[in-house]
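To convert a position in the sequence shown, counted from 1, into the working numbering, add 37.
Contents: one structure, followed by commentary.
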Amino acid sequence: MSMLGITPSLRNRTTFMTRRKYSRKRSELTRQGAALQLLLLGFALALLPYFVGKSPLAGALRPAALMGWLLILVGTGMLWVARQKTSARTIAEQEAPPGFVQATRFRELDDQRRSSEPSFATQAKSRRSSANVDVVPARPTQWSADVFSAIEWRRFEALIEALFQRAGFVTTSQSHGADGGVDVWLHAADDSQTPVGIVQCKHWSGKPVGVKEVRELRGVMASHAIARGHFATTSAFTADARTFALANGIHLLDANGLLTLIAKRTVAEQQALLNVALEGEYWRQTCASCGAKMIERSSGKDGRGFWGCPTYPRCRHTMSMRKLG
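Written as structure tokens, this is what we have:
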């Protein structure tokens with residue numbers, strides 16, 4: 038990703054040098070072509086009186102002959118100067134130390150880039166004013182709401198799965214792709230084939246989960262003939278969502294409920310759950326389509342940051358950046 042102060046990629050430099058080389062070559066050919074045209078015109082005018090012989094036109098063409106010899110002189114001079122410049126540059130490149138010519142062209146590219154880019158202060162101000170800028174959060178050392186703010190959605194799902202495992206369930210899940218509205222399948226310890234419950238997770242910040250999302254979970258429960266569902270979120274639930282869940286056998290776990298549930302575990306279990314939540318690059322988003330860790334990119338329109346899949350263009354999934362810290 039292009040950042041402030043970073044030199045353009047080698048590919049861009051090579052493209053620039055190639056275009057510059059061809060542009061210079063075209064200019065040289067244009068000058069040489071003009072010189073040759075003057076020479077041809079000059080020879081035509083200078084030799085024209087000899088073709089008419091003793092014709093009465095011979096006298097009238099003598100001034101044209103003088104002009105022809107003048108054009109021959111000018112064309113010869115232009116051709117000589119062009120050839121001298123080409124020879125001098127070729128000799129300089131051959132005798133220059135290794136890498137000197139390439140380094141000189143790279144400096145020319147950098148000068149051109151700096152002259153066309155906004156200043157560092159202007160770009161830094163633009164970044165500070167952006168509403169969607171991720172920062173790497175400090176690693177939490179104990180359980181609190183800050184853990185939910187620091188981790189990305191995949192670590193949250195892994196945490197919820199670990200919680201149900203410690204409650205005695207056998208769980209199955211998938212890290213990415215279409216999940217059919219189920220993030221974690223719950224099985225009894227003595228029967229790993231028949232699910233006894235399903236869990237839906239929403240790693241949301243600030244926005245409460247509404248009744249629409251809870252109804253969708255109830256529809257998945259009905260399609261799989263499962264009587265018990267669980268809905269976990271890092272946010273909260275609206276009053277309508279709670280009413281609907283209570284009437285339809287859905288257990289709701291908001292951020293406060295999850296912290297209360299974790300606090301009932303032993304100190305060792307709490308630390309184990311914390312390690313699950315903070316595993317690896319816990320703050321870097323995971324691509325929901327292919328499961329790869331996403332990379333930071335910036336929009337070419339307004340410069341705003343976003344998460345993009347590293348396998349682009351094969352996978353075009355993107356995610357907005359959260360305002361952390």
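Even for Gly, the Cβ is constructed at its ideal location relative to N, Cα and C.
Residues near A300 in its chain [Cβ-Cβ closer than 6 Å; skip 5 each side] | Correct list: empty, nothing qualifies.
Spatial neighbours of A200 within its chain, please: CB distance less than 8 Å, with the 5 preceding and 5 following residues excluded, ordered by chain position.
-> Sequence inspection shows Leu at residue 200; the Ala mentioned does not correspond to that position. The beta carbon of L200 lies closer than 8 Å to those of L295, L298, I299, L310 in the same chain, with the five residues before and after it left out.
For G317 and A259, the rounded distance between their alpha carbons = Their backbone Cα atoms lie some 36 Å apart in a straight line.
So, helix, strand or coil for T208, using DSSP?
-> Reduced to three states, the DSSP call for T208 is strand.
Alpha carbon of L84 to alpha carbon of A119, nearest angstrom | C-alpha separation (whole angstroms): 26 Å.
Separation of D291 from H267, as counted between CA atoms = Their backbone Cα atoms lie some 11 Å apart in a straight line.
What residues are listed by DSSP as bridge partners for L76?
-> DSSP output for L76 lists no bridge partner at all.
Start and end of the beta strand (DSSP E) containing W377?
-> Because residue 377 is not part of the residues shown, which for the chain are 38 to 362, the question remains open.
Buried or exposed: which applies to V304, given that a residue is buried once 16 or more other Cβ atoms fall within 10 Å of its Cβ?
-> V304 is exposed by the Cβ-count criterion.
Given 8 Å, three or more beta-carbon pairs between the segment 220 to 227 and the segment 241 to 252 | Touching, no.
Do E333 and W344 have their C-beta atoms closer together than 8 Å?
-> By the CB criterion at 8 Å, E333 and W344 fall inside the cutoff.
For H354 and A226, the rounded distance between their alpha carbons = Going by the C-alpha atoms only, they are around 37 Å apart.
Would you mind reading off the limits of the beta strand (DSSP E) that contains E333?
-> It spans 332 to 335 - the beta strand (DSSP E) in which E333 sits, taken as one unbroken run.
With a 10 Å radius around its C-beta and 16 neighbouring C-beta atoms as the bar for buried, classify T323 as buried or exposed.
-> T323 should be labelled buried.
Using the Cα positions of D339 and M358, report the straight-line distance between them to the nearest angstrom.
-> Going from the Cα of D339 to the Cα of M358 covers about 14 Å.
Residue range of the beta strand (DSSP E) that includes T355 = Here the beta strand (DSSP E) through T355 covers 355 to 357.
How many angstroms separate the CA atom of D275 from the CA atom of V184?
-> In the sequence as presented, Asp is not what sits at residue 275; that position holds Thr. When rounded, the distance between both Cα atoms is 22 Å.
Evaluate T159 with the Cβ neighbour count: other Cβ atoms within 10 Å of its Cβ, from every protein chain shown; 16 or more gives buried, anything less gives exposed.
-> Legend: pLDDT at T159 = 44, less than 50; position of this residue unreliable, no value from coordinates given.
Determine the direct distance from the alpha carbon of L82 to that of A71, and round the result to whole angstroms.
-> Taking the CA atoms as reference points, A71 sits about 17 Å from L82.
Leaving aside the five residues before and after R394 along the sequence, list all residues of the same chain whose C-beta is less than 6 Å from its C-beta, in chain order.
-> The chain is shown from 38 up to 362; residue 394 falls before or after that span and cannot be answered.
Please name the residue in G114, A102, A182, W106 whose C-alpha comes closest to that of G243.
-> The shortest Cα separation from G243 among G114, A102, A182, W106 belongs to A182.
Counting only runs that start and end within the segment 255 to 286, where is the beta strand (DSSP E) found for 3 or more residues in a row?
-> Entirely contained in the segment 255 to 286, the beta strand (DSSP E) runs reaching 3 residues are, in chain order, 266 to 270.
Determine the extent of the beta strand (DSSP E) in which W222 is found, giving its start and end residues.
-> Annotation for W222: the continuous beta strand (DSSP E) segment containing it runs 221 to 225.
Beta-bridge pairing of G234 - partner residues as DSSP gives them | DSSP lists L223 as partners of G234.
Can you tell me which of E306, S210, A195, C352 puts its alpha carbon nearest to the alpha carbon of W180?
-> Checked all of E306, S210, A195, C352; the closest Cα to W180 is E306.
Straight-line CA distance for V236 to P347?
-> When rounded, the distance between both Cα atoms is 29 Å.
Taking 7 Å as the cut-off, does the CB of L78 come closer than this to any heavy atom belonging to the ligand ADP?
-> This structure simply doesn't include the ligand ADP, nor any ligand for that matter.
Rounded to a whole number of angstroms, what is the C-alpha to C-alpha distance between D228 and A204?
-> So the alpha carbons of these two residues sit roughly 15 Å apart.
Would you please state the rounded distance, in angstroms, between the beta carbons of P174 and A187? I believe it to be under 8 Å.
-> Correct: roughly 4 Å between the Cβ atoms.
For L289, write down the residues that DSSP places opposite it in a beta bridge.
-> According to the DSSP secondary-structure assignment, L289 is paired through a beta bridge with F268.
Cα-Cα separation between L73 and Q121, rounded to whole angstroms | Spanning the two alpha carbons is a distance of roughly 16 Å.
Per DSSP, which one or two residues make a beta bridge with G342?
-> Paired residues: S335.
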